[in-house]
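Asks: The structure under discussion is supplied below as structure tokens; questions concerning it will follow.
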Amino acid sequence: MPPRLYRVCWRTFTALLGLALLLPALAVRAEAPGQGAVATAHPLASEAGREILTTGGNAYDAAIAISAALAVVEPYGSGIGGGGFFLLREAGESPRYRFLDARERAPLAATPDTYWRDGEVRRDLLLNGPLAAAIPGLPAALVELAEQHGRLPLAQSLAPAIRLAHQGFMVDPVYRQRAGWRLAALRDDAESARLFLLDGELPPVGHLLRQPELGETLARLGAEGRAGFYAGPLAEALVNGVRKAGGIWTLEDLASYRTVEREPLQFKLRSGQTLISAPPPSAGGLILAQSLGLLERLDWHRAGPLEEAHLVIEALRRAYRDRSLLGDPDFVEAPLERLLAPDYLDRLAASITRQRATPNAELAPGAPWEEPEHTTHFTVMDGDGHAVAATLSLNFMFGAAFSVPGTGVVLNNEMDDFAADISASNAYELRGSAANAIVGGKRPLSSMSPTFVEGPDGFASFGTPGGSRIPSMVLLSVLSHLRGEPPERWVAVPRYHHQYLPDRVDHEAGSFSAEQASALEALGHELRPMQRAYGNQQVIHWDKRSGQVEAASDPRLIGRALVVD
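In structure tokens:
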């Protein structure tokens, strides 16, 4: 064979061989995962999600089942008297992402003056009792998920939760701890005491807690859809119960409530992956995108552990400062484009020095931020690749600690997430801004941050409860993912947090060695060790190259992660 012809044949052969070797990998990346996965904060909720996935439901049906089950077994963290955010992934050759805003809305009659007495805001009115409750959004979200995205009837997806409500569940140490934190408030409301306590005391571990009224309410929602909660006899019972106890709800408040589909915040990472997270009225997506944008500019992945922690703290300091510019986008303009513009991120990154902490006085003013950490989070994916990450809340443990008689519904106290007094701070040191002032029909600003990270080689889902610490927790887990660590590490990574004001670094025990802590303090950081671990991260990972599906639940608490064949 002539040499030239030999070379042509050899090049053709090697090109075809390379293509043959590449095609299997491309085929794997193009396939659906073939398995489902569930990670929730409670084993019974995880089992409810698995039940629906294995009986023909998709990820959206399973999300309904999990949300309702959590309302039963975690009444301290979420419930149909509250709301939340749902981040959706619709599978396909080019996945589509949706964001369902089911955040609670202020009653139409609410004004800042509603909570003022004798020249000052009455904090107790924002925390306990019916005046603290905004209009719930979770029931509307469950109906919309079933009607717009699910395969099963709503009643079928709610069936596991209805069964749990009637048959009961065993009180565990986590329930006792959470109820203990709100014991006085639960005792002050006769219906809440009847539902969640035993003769006015904490029920013992192993006590069977039944909620038949909640079961009937869920059954009505399943049978009648939206009208089963926001109209008719149940709506009348809710309004009458609230108003009799001194609240301001009306039937119009319930009838006019709507979820809102918003465009998820998307931010391209230099790794080739995309961050997909919560837009306003959540500040979480902005904080995550800004922090990652700054860290990329600072080559965080080349830093050692100490320098990386310093850079993360400095990035969080700047991202949390900008949070005060946000509010309900239906009422105030959210300047996301400006806050995520490359030149703005370049300037922020240039203001970070590796040699010292930046005193807050050197940055433009912002507002302190704190938010109750007593929410819940779950994530679920089906075998086709549809996925949901959802963070749900009542705000405080057991919300307003006010339950509407005869309904089984414990109400939220989300009105405290508004800035009732923009010159002061809320119960968690959160000073407000005019963008988050109380207006009837408005949604309060939130930190809830259900998040996806997706690229050609994989899909990951993140989220956690934890109030104002949610974005920093998700950030640390995303960084763990970007380092190539397994999902078990994402949920277990030690946590630390800075939110601009107060100017300090809160951290879990063990986050820093003694030497690292001393070095960070020498840079100018004030460290405050937390007395207990915080957060409850739930994650899923689908490796598109290998086809492997994994799920992990935070080892700090009792959640359960499952892979479903």
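Taking mature numbering (1 follows the signal peptide of the UniProt record, and there is no 0), I'd label the letters of the sequence shown as residues -30 to -1, 1 to 535.
Each residue gets a CB set at the ideal place from its N, CA and C atoms; glycine is no exception.
Quantities reported herein were computed from a predicted structural model and do not represent experimental measurements.
#1: In three-state DSSP terms, what is Ser328?
#2: For His271, count neighbouring Cβ atoms within 10 angstroms of its own Cβ and tell me buried if that reaches 16, exposed if not.
#3: Run through the DSSP bridge pairs and tell me what Asp71 is partnered with.
#4: DSSP on Asp513, reduced to helix/strand/coil?
#5: Name, in chain order, the residues that DSSP records as bridge partners for Glu60.
#6: When you compare the CB positions of Leu258 and Ser247, do they come within less than 8 Å of one another, or not?
#7: By alpha-carbon positions, which one of Ala155, Ala327 and Phe422 ends up nearest to Arg66?
#8: Since I believe Leu497 is in contact with His477 (beta carbons under 8 Å), could you give me their beta-carbon distance rounded to a whole number of angstroms?
#9: Classify residue 555 as buried or exposed, calling it buried when 16 or more other Cβ atoms lie within 10 Å of its own Cβ.
#10: Ile36 and Gly54: beta carbons closer than 8 Å?
#11: Let me see if you follow: with CB-CB separation under 8 Å, is Ala35 close to chain B or not?
#12: Could you check whether Leu191 and Gly198 sit closer than 8 Å to each other, using their CB atoms as the reference points?
#13: Tell me Pro499's beta-bridge partners as DSSP assigns them.
#14: Terminal residues of the continuous beta strand (DSSP E) containing Glu520?
#15: On the three-state DSSP scale, how would you describe Ile528?
#16: Would you mind giving the Cβ-Cβ distance between Ala253 and Ser488, rounded to the nearest angstrom? I have them listed as a contact below 8 Å.
#17: Taking the C-alpha atoms as reference points, what is the distance between Leu57 and Asp88?
#18: Going along the chain, which unbroken runs of the alpha helix (DSSP H) with 4 or more residues stay wholly within the stretch 92 to 124?
#19: For Gly297, which residues from the same chain have a beta carbon less than 6 Å from its beta carbon, with the 5 sequence-adjacent residues on both sides left out?
#20: For the beta strand (DSSP E) that Val350 lies in, which residues bound it at each end?
#21: May I have the straight-line CA-CA distance separating Gly263 from Asp269, to the nearest angstrom?
#22: What would DSSP say about Val141, mapped onto helix, strand or coil?
#23: Please name the residue in Arg317, Glu278 and Leu70 whose C-alpha comes closest to that of Val230.
#24: With DSSP as the reference, identify every bridge partner of His467, one or two as the case may be.
#25: Between Ile218 and Pro77, which are expected to be in contact by the criterion C-beta below 8 Å, what is the C-beta distance as a whole number of angstroms?
#26: Which class does Ile246 belong to by DSSP, given the choice of helix, strand or coil?
#27: Could you say if the stretch 309 to 319 and the stretch 114 to 121 meet the contact criterion of at least three C-beta pairs nearer than 8 Å?
#28: Skipping 5 residues on each side, what residues in its chain have a beta carbon closer than 6 Å to that of Gly425?
#29: Rounded to whole angstroms, what is the Cα-Cα separation between Gly26 and Pro173?
#30: Quick one: residues in its chain with C-beta nearer than 7 Å to the C-beta of Ala225, no 5 flanking neighbours on either side, listed in chain order?
#31: How long is the line joining the alpha carbons of Leu23 and Pro203, rounded to whole angstroms?
#32: Do the stretch 89 to 100 and the stretch 364 to 373 meet, that is, are 3 or more Cβ pairs less than 8 Å apart?
Replies: The relevant details are as follows:
#1: Ser is not the amino acid found at residue 328; the sequence shown has Thr there. In this structure, Thr328 counts as coil in the three-state DSSP scheme.
#2: Counting the other CB atoms within 10 Å of its CB gives His271 a total below 16, which places it among the exposed residues.
#3: Under the DSSP definition of a beta bridge, Asp71 partners with Phe55 and Val230.
#4: DSSP places Asp513 within a strand segment (E or B) once states are collapsed to three.
#5: Its beta-bridge partners are Arg66.
#6: Result yes, Cβ atoms of Leu258 and Ser247 sit closer than 8 Å.
#7: That would be Phe422, whose Cα lies nearest to the Cα of Arg66.
#8: Correct: roughly 6 Å between the Cβ atoms.
#9: An answer regarding residue 555 cannot be provided, because it is not within the stretch -30 to 535 covered by the chain.
#10: Not in contact: Ile36 and Gly54 (Cβ atoms no closer than 8 Å).
#11: The chain labelled as chain B is not found in the depicted structure, where only one protein chain is given.
#12: If you check the CB distance, Gly198 and Leu191 come in under 8 Å.
#13: Beta-bridge partners of Pro499 (DSSP): His477.
#14: Counting along the chain, the beta strand (DSSP E) containing Glu520 begins and ends at Val519 to Ser523.
#15: Ile528: coil per DSSP, three-state reduction.
#16: No, Ala253 and Ser488 are not in contact; Cβ-Cβ is about 32 Å, not under 8 Å.
#17: The straight-line gap from Cα to Cα measures roughly 43 Å.
#18: Considered as a whole, the stretch 92 to 124 harbours 93 to 97 and 108 to 118 as its complete alpha helix (DSSP H) runs of no fewer than 4 residues, in chain order.
#19: Within the same chain, Gly297 has close Cβ partners Ala405, Asn406 and Leu415.
#20: Residue range Thr345 to Met351 is occupied by the beta strand (DSSP E) that includes Val350.
#21: One alpha carbon belongs to Gly263, the other to Asp269, and they sit about 10 Å apart.
#22: Val141 falls in the coil class under three-state DSSP.
#23: The shortest C-alpha separation from Val230 is found at Leu70.
#24: Its beta-bridge partners are Asp476.
#25: Yes, they are in contact, since the Cβ atoms of Ile218 and Pro77 sit about 5 Å apart, within 8 Å.
#26: The three-state reading of DSSP puts Ile246 in strand, counting E and B together.
#27: Result no; under three Cβ-Cβ pairs closer than 8 Å.
#28: These residues qualify, in order along the chain: Gly242 and Gln243.
#29: Each residue's alpha carbon lies about 37 Å from the other.
#30: So the list reads Tyr200 and Ala201, once near-sequence residues are dropped.
#31: Rounded to whole angstroms, the gap between the alpha carbons of Leu23 and Pro203 is 33 Å.
#32: Flag = yes, the stretch 89 to 100 and the stretch 364 to 373 touch.
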